[in-house]
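Just below is one structure, and these are the notes that go with it.
Protein chains in written order, with the numbering used here: chain A, 313 to 653; chain B, 313 to 653; chain C, 313 to 653.
Shown next, in the form of structure tokens:
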């Protein structure tokens, strides 16, 4: 068979490194499309001059656009036969991505655990995005539940990686040259700096976006993510499932209203796609400040945020009495952002 | 509160200058998206070589794309609490915008008038788009009706600016170097030059476009326009209102068929969004020649046009016996364009 | 009348050369949009580094993106009054198109044949895309059935051009410098090389895409194709007809899964739009290997493929017992691609 059937659980080996296909050169086209698909307004990823005033050579593409490019490449090898995307951890953004850069991805298998039903198993991979200078631009751990092809295949030795529940500020990498001492709060859009946010403070980002089929499919294709469930209504007649990353980007863009100065994502501690999202849903977002820390870079603080996307319900409600996500919660993301002191 | 509640009528002061947030570097991505969203075909904004044959350094982005970028930045400060966008005047396009340019916007409050109901007032602003060399690329006056936050707030002194009913050709600024003496009418798409248009001539542009939700939202997001009514069906269950600028761009692009040589917009004299537009509407356009003038630039004539967008009805019908716009009229725009002599 | 009524059958003369309007400079924006609209993943058109490893200066835009730009320009002069797009032949891709290139198009009338009904005729044109260095980037023959304006107009002498049923490998032009001897099959996404494909082998490309109105209209506008039937629901209330080229690009992109290494299109032998396509249809694709040949370029083989797009039905079924295309077949395209040996 010439077409890609995807890997099944028994195809993964501990320590295996998978080099993913189809490298991608990004341009101003990817940035314009990102801003057409999401209400993204963080000034650092909008203006070369603003980025230069913060010590960068030019305006990088949005961190999540780079993430999607890196993630999309892993789909044909990691999640084509996945029945669930279980979690993220230890995500670190190491080098900004600029128009003209070319990205490719690799994944290393760092854990395997067959489920007791004998039909599926959990695969843990550490994926890396690498640019044309062989610099790692980001890395993150993801674990997915994957079907077995052959139910009689022997279970591998169970290895569950020891993952940090959250990165500390020392784990974060500040982009070289980043300097917020001359930060222009007026051009950035809000006056709130690091010191204005308190741990456990919550912010309702107010705005909402009703999603259309054309939008999420254009986004998902742009990231060269090939999962059938997002595109083919004959494959999934109950409705095309929206790529979880689309919801992450929507929520992050909506969070501008209240967190306009959380300019760059430095780390992803954890993430859960709590419920599926479909065209017609109206996505809103709220945030909670989980932690704060100072960094060594001039004027640059770090803020740890919970970002929650919803498709209804009141802000700030996350889980029910049973400890499960409420049905209107789409995303629960825990990340570190860089913000002027 | 960390999120932007927008300004209310009593927050504006005569002479106040508001520096709007989120500067934007534009690229070929914005141009490609503009041409995917609107049937834009004016050769000067499509081909570097054509633009160079007209004396420019490269092909600028469409004048209205630049306008939307500038306008979008003003929304969070000027029209977030607006109940109506009342009018435009004295719009002048001063410097073409090229891929690589970075735009920011400012607005100066030039008029204030509380309405007799004591609940709302009219705010007049002169908005300017400014590039990375601090050159003003365009300016225009807009007035909007804005709610009061506190109905007991004292009314400001009424100042209504003295606005020109229309710009004259002497008010227009011709882009430096523009020269139509070697203009290639074949590559431009139509043979009609300045002398072929007569004052009061009308042109039915024939073509129509049925609008989709995904299109107007992608456009409006690309301009970083944040007004809720365009995006959030839970905020406006009766239907997402299409950004008036989307209709302007559609109508201008449709006017290529009959006005292919009206290459650049030099001025906007007046504009009214006569009725709301929704996804599913089919937009068509017609034009009327209001005036003509010569300019000092070689081979460059000016033509003043009324551009009307409709969502039904016959062309050339504008107002009813009661003097009000007919219900199918979406836009009535009065502008100056530059056209080869 | 200032607007373009299109040419009618009697407006064409044998040997006439029509220079089409609106040249276009392409950028990374066109590439990003192409990849957002189609699930395109061929590495050569995705990564500058991959293209350079194959001997090119940079990553060209997808061959079909260039084709659509060239084709779109011909529409106002060739097919505005066409009642049917009858066929393609002798399509040759001569020079890759890179971001920054500017394309224009010409068509030469090479055949005319009035139909016996006296109401329509067939016009054969050889269209060429030309870049800013006056290099022909591609050429192809297309024939369309066009209405007569004046039924009493005299029929022209019938001239039917002698067209090759298929190009041979000697007719193909290999891009200068193309070299597949260091081809990276891992980054390209599949291990199958020229020798792995057998004549008459068929491949079901498995994946499907359900089409939305916004997508095909954005694509068709981007190519500056002005045919009313694609955009205006009041003109065609039974549904907007999707531009045939949209289906070609969808099918070609879907064929990545099984033909990831068929990197470049070198020739188009024939093509038929078998049935109309509408929003809501789910497009899938299958291919059949029709022929194979070696080329003089290092490591570069040629493979002749039938590419069939469907909107239902089982793969590999093409025509009924009556010799007519089955109702679910959208496209039957016969082309040559370049693939590593």
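Heads up, the beta-carbon is just placed ideally off N, CA and C, and yes, glycines get one too.
Values in this document were obtained by computation on a predicted structure and should not be read as measured data.
Give me the DSSP bridge partner(s) of residue i.
i	result
residue 397 of chain A	A:456
residue 296 of chain C	This structure leaves residue 296 of chain C out entirely; chain C is present only between 313 and 653.
residue 425 of chain C	C:434
residue 330 of chain A	A:419
residue 522 of chain C	C:594
residue 622 of chain C	C:596 and C:641
residue 551 of chain A	The partner list for residue 551 of chain A (beta bridge, DSSP) is empty, contrary to what the question assumes.
residue 405 of chain C	C:450
residue 442 of chain B	B:416 and B:448
residue 541 of chain B	DSSP, once it has assigned bridges, lists no residue as partnering residue 541 of chain B.
residue 585 of chain C	C:643
Excluding the five sequence neighbours on either side, which residues of its own chain have a C-beta within less than 6 Å of the C-beta of residue i, listed in chain order?
i	result
residue 318 of chain B	392 and 393
residue 570 of chain A	515 and 517
residue 396 of chain B	457
residue 295 of chain B	Outside the shown range of chain B, which is 313 to 653, sits residue 295 of chain B, and nothing can be said about it.
residue 600 of chain A	514 and 618
residue 478 of chain C	581
residue 589 of chain A	554, 559 and 642
residue 531 of chain C	349 and 558
residue 468 of chain A	424
residue 351 of chain C	565
residue 487 of chain C	408
residue 426 of chain C	433 and 467
Inspect the beta-carbon positions of residue i and residue j and report whether they are closer than 7 Å.
i	j	result
residue 437 of chain A	residue 421 of chain A	yes
residue 563 of chain B	residue 597 of chain B	yes
residue 534 of chain C	residue 345 of chain C	yes
residue 453 of chain A	residue 378 of chain A	no
residue 337 of chain A	residue 407 of chain A	no
residue 566 of chain A	residue 508 of chain A	no
residue 550 of chain A	residue 591 of chain A	no
residue 578 of chain C	residue 484 of chain C	yes
residue 646 of chain B	residue 581 of chain B	yes
residue 568 of chain A	residue 353 of chain A	yes
residue 370 of chain A	residue 500 of chain A	no
residue 471 of chain C	residue 423 of chain C	yes
residue 585 of chain C	residue 558 of chain C	no
residue 642 of chain A	residue 621 of chain A	yes
residue 340 of chain B	residue 341 of chain C	yes
residue 611 of chain C	residue 576 of chain C	no
residue 594 of chain A	residue 546 of chain B	yes
residue 540 of chain B	residue 322 of chain B	no
residue 448 of chain B	residue 409 of chain B	no
For the alpha helix (DSSP H) containing residue i, list its first residue and its last residue.
i	result
residue 347 of chain C	340-349
residue 633 of chain C	No alpha helix (DSSP H) contains residue 633 of chain C, which DSSP labels as neither H nor E.
residue 525 of chain A	525-534
residue 499 of chain C	497-500
Over the uninterrupted beta strand (DSSP E) stretch that includes residue i, give me the two end residues.
i	result
residue 300 of chain A	Lying outside 313 to 653, the shown extent of chain A, residue 300 of chain A is not represented and no answer is given.
residue 570 of chain A	Not the beta strand (DSSP E): residue 570 of chain A falls in the alpha helix (DSSP H), residues 568-571.
residue 602 of chain A	594-606
residue 514 of chain B	514-516
residue 334 of chain C	No beta strand (DSSP E) holds residue 334 of chain C; DSSP gives it neither H nor E.
When you measure from the CB of residue i to every non-hydrogen atom of the ligand SAM, does any distance come out below 6 Å?
i	result
residue 480 of chain B	Although the ligand SAM was asked about, the structure shown includes no ligands whatsoever.
Please go through the same chain and pick out, in chain order, the residues whose beta-carbon is closer than 8 Å to the beta-carbon of residue i, but skip the five residues on each side of it.
i	result
residue 419 of chain A	329, 330, 332, 386, 389, 390, 437, 438, 439 and 440
residue 451 of chain A	402, 403, 404, 406, 438, 439, 440 and 441
residue 511 of chain C	601, 602, 603 and 604
Which residues in the same chain have their Cβ closer than 7 Å to the Cβ of residue i, if we skip the five residues on either side of it in sequence?
i	result
residue 502 of chain C	572 and 573
residue 489 of chain B	367 and 368
residue 638 of chain B	625, 629, 630, 631 and 632
residue 494 of chain B	365
residue 430 of chain A	463
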